[in-house]
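The structure under discussion appears below in the form of structure tokens.
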Amino acid sequence: MAPGPEPSYSHRPAFAPYGAKSTHQRTRPMHDIRAIRENPDRFDAALSRRGDAPVSAELLAMDEARRAKIQAAESAQAEANKAAKEVGAAKGRGDEDEFERLRKLVAEKKAEIARLNEEAKAEDAALTARLAEIPNLPADDVPDGDDEDDNVEINRWGTPREMNFAVEHFEIPAVKDAMDFETAAKMSGSRFVLMSGPVARLHRALAQFMLDIHTLENGLTEVNPPVLVRDEAMYGTDKLPKFGDDSYRTEEGMWLIPTSEVPLTYIAAGHVIDEDYLPRRYTAHSLCFRSEAGSAGRDTSGMLRQHQFEKVEMVSVTHPDESDAEQKRMLRCAEDILERLEIPYRTVVLCTGDMGFGARRTYDIEAWLPGQKAYREISSVSTTGDFQARRMNARFKPAEGGKPQFVHTLNGSGLAVGRCLIAVLENGQQDDGSVKIPAALQAYMGGRTMITADGTLA
RNA sequence: GGAGACGUGGCCGAGUGGUCGAAGGCGCUCCCCUGCUAAGGGAGUAGGCCCCUAAAGGGUCUCGAGGGUUCGAAUCCCUUCGUCUCCGCCA
Numbered sequence: 009m010a011p012g013p014e015p016s017y018s019h020r021p022a023f024a025p026y027g028a029k030s031t032h033q034r035t036r037p038m039h040d041i042r043a044i045r046e047n048p049d050r051f052d053a054a055l056s057r058r059g060d061a062p063v064s065a066e067l068l069a070m071d072e073a074r075r076a077k078i079q080a081a082e083s084a085q086a087e088a089n090k091a092a093k094e095v096g097a098a099k100g101r102g103d104e105d106e107f108e109r110l111r112k113l114v115a116e117k118k119a120e121i122a123r124l125n126e127e128a129k130a131e132d133a134a135l136t137a138r139l140a141e142i143p144n145l146p147a148d149d150v151p152d153g154d155d156e157d158d159n160v161e162i163n164r165w166g167t168p169r170e171m172n173f174a175v176e177h178f179e180i181p182a183v184k185d186a187m188d189f190e191t192a193a194k195m196s197g198s199r200f201v202l203m204s205g206p207v208a209r210l211h212r213a214l215a216q217f218m219l220d221i222h223t224l225e226n227g228l229t230e231v232n233p234p235v236l237v238r239d240e241a242m243y244g245t246d247k248l249p250k251f252g253d254d255s256y257r258t259e260e261g262m263w264l265i266p267t268s269e270v271p272l273t274y275i276a277a278g279h280v281i282d283e284d285y286l287p288r289r290y291t292a293h294s295l296c297f298r299s300e301a302g303s304a305g306r307d308t309s310g311m312l313r314q315h316q317f318e319k320v321e322m323v324s325v326t327h328p329d330e331s332d333a334e335q336k337r338m339l340r341c342a343e344d345i346l347e348r349l350e351i352p353y354r355t356v357v358l359c360t361g362d363m364g365f366g367a368r369r370t371y372d373i374e375a376w377l378p379g380q381k382a383y384r385e386i387s388s389v390s391t392t393g394d395f396q397a398r399r400m401n402a403r404f405k406p407a408e409g410g411k412p413q414f415v416h417t418l419n420g421s422g423l424a425v426g427r428c429l430i431a432v433l434e435n436g437q438q439d440d441g442s443v444k445i446p447a448a449l450q451a452y453m454g455g456r457t458m459i460t461a462d463g464t465l466a
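So for the first sequence, our numbering puts the first residue at 9; every next one is plus one.
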């Protein structure tokens, strides 16, 4: 897909027909307590598949306490309301004695109601906070397992090229000078890179290429979102409260997004969307920032794991019945990019123990890196079901009528640009130290076909 | 940074102490009319939570959020968050 005259780029606005809307509301639970109440064993069984201890007994006890308090508070309120109405009537009749009596009664009730309300609120908040810490439940078809060793390969594409001369991306002669980690460290520390010349351009070309495929061929709406977001957006996409340490926070209290999944998904927050406006499909190319707090010592050389990187993200907001099919569609969109770039890959479905906090099911795509002689993650495509939607109160109005229901949200990388650059460089390296540019990318590189060993485009 | 305005239901938008969960419009659903590519008429249409439940029903809360005044608040006061406008500054 060369840049140039655009074929049908049917654009639907990202937000219409629902306008911007403030969602500053209290934290909402991620799990449906009523579902837990109805089937606590099922809830615990699902959690245990993730290796987590059962919690339903604790939750139900909290829920019971909460409901008792609510009932007490509400019936007291109902009494007071009834009396308050009679106060008005007494006043109307001119019955001063009765008026005074009732007025006093209402005033006395007031303190009791306030106390009961307080207690009910506290119970409710406690339950909500507890629920917020519990991860999503795995989908039934997700394989059981403890860690990445138990992930199941479901697809493999391409054959790694024989190359006994293969080195890692930053060691390739054509790349060496253009990927400068020392200079980056001088200004920013470790896990940063300063790219220049053809490599910087190739990196940019990759992002453009991916974005063009997704918008022109896959029907996603291009979005250029903020990369600084508020607490609510991080909560809504389950990055908070548990994973604040992994992200950067400004002195003003804004968060640097760890992925544009955050702003893209949060578009739907607080809205009731018309059913026929689903699915919503977004894509964005953005910077991402991660503190990599827990990964000291891992992938320290090269640009595989950086504090700042670029990613083309895909996000879909769907009807609950459509989300499984949508996830497969997104997976294909991501795999297709690698196929066009002629990079061998394999796709795995993550086992229960390896999935992220908010995921119901996750597919990882791992690209072949000749320099490491290993498949490494380059994309992750997850469905969260209604997990995030509950959290950010994103619903749709069923076409056939009835109450609004939660939408499903999905996200996937399509792809990580920096890691994709690594894959292109390592797979394209030649025994003379040059790098071949994949045909699909050449139009984005001024028609050039390679980076020579001395680092020039040719 | 200085000054001001505003924040209402799926959407838009009235409403400045009581009869308002809330006019009107749009949208949507159902019905009627119409024989033609559209229009007209009628009715209905907020959400959360709790109880009950087969269904129905009942209670409570919600007009950004929290608190206060009052017999009574969307309407008054305070705090807070957010949005917008003007000025300043600036890419």
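We treat Cβ as the ideally placed atom computed from N, Cα and C, and that holds for glycine.
This structure is a prediction, so every number in the text was calculated from the model and none was measured.
Distance between beta carbons of Phe317 and Gly422, contact taken as under 8 Å: Rounded, the Cβ-Cβ distance is 14 Å, inconsistent with contact.
Outcome for Met195 when other beta-carbon atoms lying within 10 angstroms are tallied against a minimum of 16: exposed
Distance between Glu126 and Cys359 (C-alpha atoms, nearest Å): Taking the straight line joining both Cα atoms gives about 43 Å.
Whole-angstrom C-beta distance between Arg199 and Gln314, which should lie under 8 Å: 5 Å
Distance, Met171 Cα to Val207 Cα: 22 Å
Contact under 8 Å by Cβ, Ala213 with Tyr452: yes
Beta strand (DSSP E) segment containing Cys296, residue limits: For Cys296, the uninterrupted beta strand (DSSP E) run begins and ends at Arg288 to Phe297, by DSSP.
Contact the segment 259 to 277 vs the segment 230 to 246: 3+ CB pairs below 8 Å: yes
Entirely enclosed beta strand (DSSP E) segments - the segment 299 to 335, minimum 3 residues: Correct list: 316 to 326.
Asn159 classed as buried or exposed, judged by whether at least 16 other C-beta atoms fall within 10 angstroms: buried
Beta-carbon spacing of Leu429, Val443 below 8 Å: Taking 8 Å as the Cβ cut-off, Leu429 and Val443 do not qualify as a contacting pair.
Rounded distance between the beta-carbons of Arg58 and Pro146, thought under 8 Å: With 8 Å as the limit, Pro146 and Arg58 qualify as a contact, their Cβ atoms being about 6 Å apart.
Phe404 - partner residues in DSSP beta bridges: Ile281 and Gln413
Per-residue DSSP class, three states only, for Ile459: Look at Ile459 here: in three-state DSSP terms it is strand.
Residues near Glu156 in its chain [Cβ-Cβ closer than 6 Å; skip 5 each side]: Asp362
When Ala134, Ile351, Ala333 and Leu286 are compared against Ala476, the one with the closest alpha-carbon: Residue numbering for the chain in the displayed model covers 9 to 466; residue 476 lies beyond these limits and cannot be assessed.
Cβ neighbours of Ala461 in the same chain (closer than 8 Å, five flanking residues each side left out): Pro181, Ala182, Asp440, Gly441 and Ser442
Touching by the beta-carbon criterion (3+ pairs, under 8 Å), the segment 297 to 310 and the segment 328 to 338: no
Distance CB(Val323)-CB(Ala215) smaller than 8 Å: no
The beta strand (DSSP E) enclosing Ile162, as first and last residue numbers: Val160 to Trp165
Coil, strand or helix - Leu465 by DSSP: strand
Extent of the continuous beta strand (DSSP E) to which Asp372 belongs: Arg369 to Leu377 is the extent of the beta strand (DSSP E) around Asp372.
Nearest neighbour of Phe217, chosen from Leu68, Leu346 and Asp329 [CA to CA]: Closest by alpha carbon: Leu346.
For Met70, the three-state DSSP class (helix, strand or coil): helix
Beta-carbon proximity of Tyr383 to Leu339, cut-off 8 Å: Contact flag unset, no.
Nearest-angstrom Cα separation, counted from Val114 out to Thr291: 57 Å
Meets three-Cβ-pair contact criterion under 8 Å: the segment 401 to 417 and the segment 274 to 283: These segments touch.
Pro271 versus Ala119: straight-line alpha-carbon distance, rounded: So the two alpha carbons sit approximately 43 Å from each other.
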